[in-house]
Structures are given as C-alpha cells and as structure tokens.
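Peer 1: 483 is the number that this note's numbering gives the last residue of the sequence shown; the numbers go up by one with no jumps. Backbone N, C-alpha and C fix where the C-beta goes; we use that ideal spot for every residue, glycine too.
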Amino acid sequence: MLVCISALLVTPYLLSNMLCAGAETIAIRVQLIAATFITTGIATILQSTFGLRLAILHGPSFAFLPALHTFEDMYPCSPDTDTSLWKEKMQLISGSLFIAVLIMPLMGITGLVGKISKHIGPITIVPMLVLLCIGTVPDIQEKVSLHWISIVEILLLIVFVILLEDFEVPIPVFSFKKRHVSFTKLRIFSQFPYLLGISVAWFLCWLVTVTNIEPIGSPARTDLNASVFVFENTPWIHIQYPFQFGFPQLSAPLIIAFTASTVAVMIESVGNYGICAQISQQGTPPSSSINRAFVIEGIGSMLAALMGCGTGVTTYSENIALMQVTKVTSRITMQCAGLLLIIIGVFSKFAAFLAMIPEAIIGGVLATGMSMICGVAFANLQNVDLRLSRNLTIVGISIILGCTIPTHFEKNPLNTGNKTIDESVGTLLKMRMLVGGIIAFLLDVIACGATRKQRGLKGKMKEKEEISVERDGFALSSDTFKR
C-alpha cells in the first residue's frame with residue numbers, strides 16, 4: 001500500500017491545477033486525494049475478492065493523462081479565466097469519463113475482452129506504454145522546472161531504488177516470549193523508496209522554509225498560506241460521495257479521448273494480469289476470469305468517475321513487481337490494504353496533510369514513476385524473440401509513427417469543414433499511445449513470419465489445462481461471466 005500512495009497523489013495534483021479554480025485549488029485537491037483513496041480501496045477489494053481474485057491493487061491510471069490534456073487544451077488556464085466555473089469543468093470530466101469506461105464492463109459481460117486478450121501480446125503492449133511515458137514528458141518538465149528540489153527527489157529515488165536496493169537495515173524487534181531485543185534485517189530502501197524519498201525531500205523543504213533560504217511564495221516552502229489555511233479548516237472526518245461536484249455533463253471530444261485511454265488501459269491490464277498470475281504461481285488467466293476482472297475494473301472506474309477522481313483505475317505494475325521481491329501474493333493482503341485506503345480516505349485531515357506536499361516534490365515522483373513504467377514496458381519483451389527482424393521492426397515502427405502522426409496533427413490540425421469531426425477525429429490522432437498501440441496490434445496480427453511463442457504469446461490452452469485452471473485461485477463458486 002505504501003508503494004502506491006505516491007502514485008495516488010499525482011493525479012489529484014495535476015487535475016486540481018487543470019480546473020483553474022484559483023484560491024480553491026488546494027481545497028479541491030484535498031477532496032480529490034480523499035476520493036482517490038476511497039475509490040482505490042473499494043476497487044482493490046472488489047478486484048481481489050470478486051474479479052481476478054489475485055493480489056491485485058488498483059489505482060488511478062496515468063493512461064488517462066492524454067485525455068486530461070485534451071480537456072486542458074479545450075479549457076486552458078489564463079489570468080482572465082473565470083475561476084468560479086471549476087465545478088462545471090469537473091462535471092464535464094466526470095460525465096465523459098463515466099460514459100467512456102462503460103466499455104470495460106460491457107466487453108467483460110459479452111466475453112469479447114477475453115477473446116481479444118488472446119491476441120494482445122508484448123509487441124502491442126510495449127509501444128503503447130513507451131508512448132504513454134513519452135506523452136507525459138511535458139508534464140514532467142513543467143513540474144520538475146518548478147524548483148531544484150524535484151531533482152533532489154529524483155536523485156533520492158535513484159539512490160534508494162538502484163544503489164541501495166539490496167542494502168539491509170538492522171531493525172530492533174522485541175520478543176515478548178524470550179524477553180529480549182533482537183535485530184532483523186529488512187531491505188527498506190527497495191520496499192519503501194517513494195515514502196522515504198518524499199519524506200526526506202519534504203524535510204529539506206521544511207529546512208529551507210524555517211531558515212528562510214527560500215523566499216516567501218517559493219514552491220518549495222511548506223508554509224504557503226493557502227495550504228496551511230485549508231489544513232486548519234479541513235474537518236477530521238468527511239466521507240466523499242458520488243456526484244459531490246454536481247450532476248455529470250457530457251462532451252463529445254472528451255468522451256472520445258477518454259474512450260481511447262480506456263482501450264489503452266485494458267491492453268495494459270491484460271499484460272499485468274498475466275504477470276501477476278505468473279508471480280502468484282497460477283496458470284494463465286482463463287477467458288472467464290479476464291472477463292470478470294474487466295467487469296470489476298469497469299465498476300471501479302465508473303465509481304472513480306462519479307467521485308470526481310478524473311481518471312479510471314488500473315492495475316499497479318509497481319505493486320506486482322514488489323510481490324516478486326516480498327513473495328507475498330495473498331489476496332487477503334490486498335483486501336486489508338484496500339480497507340486501510342478507505343479508512344485513510346475518510347480521514348480528510350490526512351488528505352489535507354498530503355495536499356501540503358510541495359508541488360515540486362510531486363514532479364520528482366512523477367518523473368521516477370513514469371521511468372519505472374517505461375522500464376516495466378521493456379521488461380515485457382523478455383518473452384519475445386528479439387532475433388526476428390519482424391518483431392523489432394514492428395516495435396520500432398509503432399513507436400516512431402506513434403510520435404510522428406500525433407505531432408503532425410498537433411502542428412497541422414484536421415480541417416474537414418465540420419467542427420465536430422475535426423475535434424473528434426483530431427483528438428484520436430493526437431493520442432500517441434492509441435496511434436502506436438493500434439499500429440503495433442494490427443502489424444503483429446497481420447504480419448507473418450513468427451509463431452505465437454516467438455511473438456511472446458502463450459500457446460493455445462488445451463482442454464485439460466482449462467479444467468485445472470478452474471480449480472485454482474481464479475474461479476468463483478459460480479462463474480457468472482464465463483463464455
């Protein structure tokens with residue numbers, strides 16, 4: 001749970017700034033943080049109990065950031081922006097997101113996603129995730145350039161994750177049975193890098209504040225008037241609820257953008273489900289379990305939309321990687337983590353405390369988080385035969401065209417004479433991960449010259465293997481969504 005907390009903060013920080021709410025930005029950020037924690041907890045419990053039934057932890061998906069950028073382009077912030085319209089903007093985001101994520105449960109119920117997932121492999125997933133990371137570079141640059149403390153945060157995370165990964169810290173443990181203190185060694189730097197990195201960077205921000213090294217109003221100071229005022233006036237307990245920002249509204253370009261992001265999230269989740277099953281020493285998830293998982297993931301994303309989180313939920317690959325380190329793959333662990341996230345979300349004072357983290361630190365977290373996602377993306381290629389020029393060419397073409405085509409339409413907007421078509425189709429053509437992902441998928445399916453194994457796909461499951469899968473951790477007593 002501690003690994004995901006840092007990622008849970010990024011979207012509320014970015015979205016609260018996009019709403020152009022002026023003095024109310026910090027208060028909105030508190031609501032978004034609390035709502036994100038509650039939604040994440042509920043989605044995690046549902047997925048680990050009724051969905052894939054593995055140790056899956058859900059959270060806000062960065063794949064929806066391109067869709068949020070579409071919103072930002074439609075409603076840019078400026079000195080003349082009416083800050084009182086932020087609720088209407090939030091309603092547009094919530095309504096458009098809700099309609100878009102409906103395809104998750106619909107494809108799960110109909111069984112389509114289970115059939116399509118058999119043809120989605122690393123050659124499709126890798127370009128899409130790489131292009132997602134490339135698309136967030138402007139956000140990273142904007143946040144990191146706020147203050148040098150962002151660079152410090154990045155360096156701290158590099159030290160903790162890479163240089164001190166295997167360093168074991170002796171921790172004193174008191175034994176009531178033996179009545180003495182013993183020491184156990186834990187690799188806390190590799191298990192809690194984000195928590196430690198944020199804590200150290202935040203402490204440095206406090207030092208430069210109390211010593212007045214940074215001038216008043218600096219993004220690195222911890223005593224900004226707005227943050228302190230909101231923290232002091234936030235109630236200890238407040239339950240976030242659906243429609244708290246008003247009844248959702250719709251926008252055609254936003255619906256299209258969020259739908260494209262939803263498709264990307266589904267492709268990403270297919271890969272994560274397989275990796276999680278492998279680490280949990282389970283067989284390949286059958287189609288019935290994949291269908292059920294996407295129904296639950298869709299319900300979690302719908303709840304996130306109605307709560308105003310601004311993004312749907314997805315499986316956190318960082319937590320899957322941590323499972324491989326800790327060897328803890330019990331679904332009960334994730335159910336407890338989900339319950340703790342809900343409890344934390346109810347205590348709104350804690351959300352207000354997290355909202356006081358200087359924005360410059362969030363820039364470092366975003367940069368490192370996207371770096372890890374990019375690294376995980378390339379790790380998917382381990383099962384692909386990279387000796388085949390076919391596979392290398394498809395990945396390379398997908399990434400290059402996934403950058404080139406959107407860049408062209410950003411500089412030369414579509415002009416058909418129909419504003420609706422220009423906005424709708426133009427939105428799709430500007431989304432790097434969608435363009436690259438579609439190109440990779442089509443080329444991987446159409447191009448010959450490689451077996452399923454060489455493409456990184458599992459072989460076709462035999463009937464006796466289907467029966468054995470039904471006896472493992474995926475199945476429910478009554479498999480409602482089996483097709």
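Taking only three categories from DSSP, how would you classify serine 61?
Peer 2: Translated into positions along the sequence shown, residue 61 becomes position 61. Here serine 61 sits in coil by DSSP.
Peer 1: Check this for me: beta carbons of alanine 226 and threonine 25, under 9 angstroms apart or not?
Peer 2: Here residue 226 corresponds to residue number 226 of the sequence shown, with the count starting at 1. Here residue 25 corresponds to residue number 25 of the sequence shown, with the count starting at 1. Contact: yes.
Peer 1: Given a threshold of 16 other Cβ atoms within 10 Å of its Cβ, counted over all protein chains shown, does glutamate 463 qualify as buried or as exposed?
Peer 2: Here residue 463 refers to the residue found at position 463 of the sequence shown. At glutamate 463, the pLDDT of 42 sits below 50, so the modelled position is not reliable; the number obtained from the coordinates is stated separately. When all chains shown are included, glutamate 463 counts as exposed.
Peer 1: What distance in whole Å lies between the Cβ atoms of glycine 300 and leucine 46, which are believed to be in contact at a cut-off of 8 angstroms?
Peer 2: Position 46 of the sequence shown, counted from the start, is the residue given in the question as residue 46. Position 300 of the sequence shown, counted from the start, is the residue given in the question as residue 300. Right, the Cβ-Cβ distance comes to about 6 angstroms (below 8 angstroms), so this counts as a contact.
Peer 1: Contact between the segment 90-103 and the segment 282-291: three or more CB pairs below 8 angstroms?
Peer 2: Too few Cβ pairs lie closer than 8 angstroms, so no.
Peer 1: Starting from valine 395, trace the beta strand (DSSP E) both ways and give me its first and last residue.
Peer 2: Reading the sequence shown from its first residue, position 395 is the one you call residue 395. Note, valine 395: premise wrong, no beta strand (DSSP E); alpha helix (DSSP H) at 389-411.
Peer 1: Between which two residues does the beta strand (DSSP E) harbouring valine 169 extend?
Peer 2: In the sequence shown, residue 169 corresponds to position 169, counting from 1. Unbroken beta strand (DSSP E) run through valine 169: 169-175.
Peer 1: Should isoleucine 467 be labelled buried (16 or more other beta-carbon atoms within 10 Å of its own) or exposed?
Peer 2: Position 467 of the sequence shown, counting from 1, holds the residue named residue 467. Low confidence applies here, because isoleucine 467 scores a pLDDT of 41, under 50, leaving its location unreliable; read the following figure in that light. By the 10 Å Cβ count, isoleucine 467 comes out exposed.
Peer 1: Please name the residue, chosen from Ile33, Thr40, Trp148, Asn233, that lies closest to methionine 334 on a Cα-to-Cα basis.
Peer 2: In the sequence shown, the residue the question calls residue 334 occupies position 334. Of the listed residues, the one whose Cα sits closest to methionine 334 is Thr40.
Peer 1: Taking the straight line between their C-alpha atoms, what separation do you get for glutamine 382 and valine 130?
Peer 2: For the purposes of this step, residue 382 is identified with residue 382 of the sequence shown, where counting begins at 1. For the purposes of this step, residue 130 is identified with residue 130 of the sequence shown, where counting begins at 1. Cα-Cα distance, rounded: 15 angstroms.
Peer 1: Quick check: what's the CA-CA separation for methionine 302 versus isoleucine 255?
Peer 2: As a position in the sequence shown, residue 302 is number 302, starting the count at 1. As a position in the sequence shown, residue 255 is number 255, starting the count at 1. Taking the straight line joining both Cα atoms gives about 13 angstroms.
Peer 1: Check whether the Cβ atoms of serine 145 and glycine 363 lie closer than 9 angstroms to each other.
Peer 2: Taking the first residue of the sequence shown as position 1, residue 145 is located at position 145. Taking the first residue of the sequence shown as position 1, residue 363 is located at position 363. A contact, by the Cβ cut-off of 9 angstroms.
Peer 1: Output the boundary residues of the alpha helix (DSSP H) element that contains serine 182.
Peer 2: Counting from 1 along the sequence shown, the entry for residue 182 is found at position 182. Per DSSP, serine 182 belongs to no alpha helix (DSSP H); it is in the beta strand (DSSP E), 180-186.
Peer 1: Can you tell me which of Ala55, Leu8, His119, Ile125 puts its alpha carbon nearest to the alpha carbon of alanine 34?
Peer 2: Here residue 34 is taken as the residue at index 34 of the sequence shown, counted from 1. Minimum Cα distance to alanine 34 is reached at Leu8.
Peer 1: Helix, strand or coil: which one does DSSP assign to valine 228?
Peer 2: Translated into the one-based positions of the sequence shown, residue 228 becomes position 228. Here valine 228 sits in helix by DSSP.
Peer 1: Within a Cβ cutoff of 6 angstroms, which residues of the same chain sit near aspartate 223, ignoring the five residues on either side of it in sequence?
Peer 2: Within the sequence shown, residue 223 is the residue found at index 223, counting from 1. Cβ within range, chain order: Thr209.
Peer 1: Since alanine 360 contacts valine 30 with CB under 8 angstroms, what's their CB separation in whole angstroms?
Peer 2: Translated into the one-based positions of the sequence shown, residue 360 becomes position 360. Translated into the one-based positions of the sequence shown, residue 30 becomes position 30. Actually they do not touch by this definition, with Cβ atoms about 19 angstroms apart.
Peer 1: As a quick exercise: from Glu318, Phe350, Thr110, pick the residue whose alpha carbon is nearest that of serine 371.
Peer 2: Within the sequence shown, residue 371 is the residue found at index 371, counting from 1. That would be Glu318, whose Cα lies nearest to the Cα of serine 371.
Peer 1: Taking only the alpha-carbon atoms, compute the straight-line gap between tyrosine 13 and alanine 220 and give it to the nearest angstrom.
Peer 2: Counting from one through the sequence shown, the residue named residue 13 turns up at place 13. Counting from one through the sequence shown, the residue named residue 220 turns up at place 220. Straight-line Cα distance between these residues: approximately 15 angstroms.
Peer 1: Is it buried or exposed, glutamate 423, if we count other Cβ atoms within 10 angstroms and call 16 or more buried?
Peer 2: Here the question's residue 423 lines up with position 423 in the sequence shown. Its Cβ being crowded by 16 or more others within 10 Å, glutamate 423 is buried.
Peer 1: Suppose you measure from the CA of glutamate 72 to the CA of methionine 433; what does that come to, to the nearest Å?
Peer 2: Here residue 72 refers to the residue found at position 72 when the sequence shown is read from its first residue. Here residue 433 refers to the residue found at position 433 when the sequence shown is read from its first residue. Going from the Cα of glutamate 72 to the Cα of methionine 433 covers about 18 angstroms.
Peer 1: Under 8 angstroms by Cβ, that's how I've got alanine 252 and threonine 420 pegged, so tell me the actual separation to the nearest angstrom.
Peer 2: Stepping through the sequence shown from its first residue, residue 252 is reached at position 252. Stepping through the sequence shown from its first residue, residue 420 is reached at position 420. Yes, they are in contact, since the Cβ atoms of alanine 252 and threonine 420 sit about 7 angstroms apart, within 8 angstroms.
Peer 1: So for tyrosine 13, helix, strand or coil by DSSP?
Peer 2: Against the sequence shown, residue 13 aligns to sequence position 13. Residue state, collapsed to three classes: helix.
Peer 1: Less than 9 angstroms between the C-beta atoms of isoleucine 171 and phenylalanine 160, yes or no?
Peer 2: As a first step, residue 171 is located in the sequence shown; it is residue number 171 there, counting from the start. As a first step, residue 160 is located in the sequence shown; it is residue number 160 there, counting from the start. Taking 9 angstroms as the Cβ cut-off, isoleucine 171 and phenylalanine 160 do not qualify as a contacting pair.
Peer 1: Taking the beta carbon of histidine 58 as the centre, do at least 16 other beta carbons fall within 10 Å, making it buried, or is it exposed?
Peer 2: Walking along the sequence shown from the start, residue 58 turns up at place 58. Burial call: buried.
Peer 1: Go ahead and pull the three-state DSSP assignment for phenylalanine 481.
Peer 2: Taking the sequence shown and counting its residues from 1, one reaches residue 481 at position 481. Unreliable positioning characterises phenylalanine 481 in this predicted model, as indicated by a pLDDT of 44, which lies under 50. The coordinate reading is nonetheless provided below. In this structure, phenylalanine 481 counts as coil in the three-state DSSP scheme.
Peer 1: Applying the criterion that 16 or more other CB atoms from any shown protein chain within 10 Å of the CB defines a buried residue, is tryptophan 554 buried or exposed?
Peer 2: Outside the displayed span of the chain (1 to 483) sits residue 554, for which this structure offers no information.
Peer 1: Who are the near neighbours of isoleucine 239 in its chain, counting only those whose CB is closer than 7 angstroms to its CB and skipping five residues on each side?
Peer 2: If you number the sequence shown from 1, residue 239 lands on position 239. Result list for isoleucine 239: Val346, in chain order.
Peer 1: Comparing C-alpha positions only, which one of Arg387, Val435, Gly312, Val265 sits nearest to isoleucine 397?
Peer 2: Counted from its first residue, the sequence shown places residue 397 at position 397. Checked all of Arg387, Val435, Gly312, Val265; the closest Cα to isoleucine 397 is Val435.
Peer 1: Going by the CB atoms, is the gap between methionine 104 and valine 295 shorter than 9 angstroms?
Peer 2: Here residue 295 corresponds to residue number 295 of the sequence shown, with the count starting at 1. Here residue 104 corresponds to residue number 104 of the sequence shown, with the count starting at 1. The answer is yes: Cβ separation under 9 angstroms.
Peer 1: Tell me where the alpha helix (DSSP H) around valine 159 begins and ends.
Peer 2: If you number the sequence shown from 1, residue 159 lands on position 159. Unbroken run through valine 159: none, as it is neither H nor E.
Peer 1: Using 9 angstroms as the threshold, is the C-beta distance between glutamine 244 and glycine 308 below it?
Peer 2: Locating residue 244 in the sequence shown gives position 244, where the first residue counts as 1. Locating residue 308 in the sequence shown gives position 308, where the first residue counts as 1. It is a contact, given that the beta carbons lie within the stated cut-off.
Peer 1: To which residues does DSSP link threonine 314 through a beta bridge?
Peer 2: The residue given as residue 314 occupies position 314 in the sequence shown. According to DSSP, threonine 314 bridges with Gly59.
Peer 1: Quick check: the segment 406-417 against the segment 374-381, are there 3 or more CB pairs under 8 angstroms?
Peer 2: Cβ pair count under 8 angstroms is below three, so no.
Peer 1: Report buried or exposed for asparagine 418, applying the criterion of at least 16 other Cβ atoms within 10 angstroms of its Cβ.
Peer 2: For the purposes of this step, residue 418 is identified with residue 418 of the sequence shown, where counting begins at 1. Exposed, since its Cβ has fewer than 16 Cβ neighbours within 10 Å.
Peer 1: Within this structure, are the beta carbons of valine 328 and alanine 63 separated by less than 9 angstroms?
Peer 2: Locating residue 328 in the sequence shown gives position 328, where the first residue counts as 1. Locating residue 63 in the sequence shown gives position 63, where the first residue counts as 1. No, the Cβ-Cβ distance between valine 328 and alanine 63 is not below 9 angstroms.
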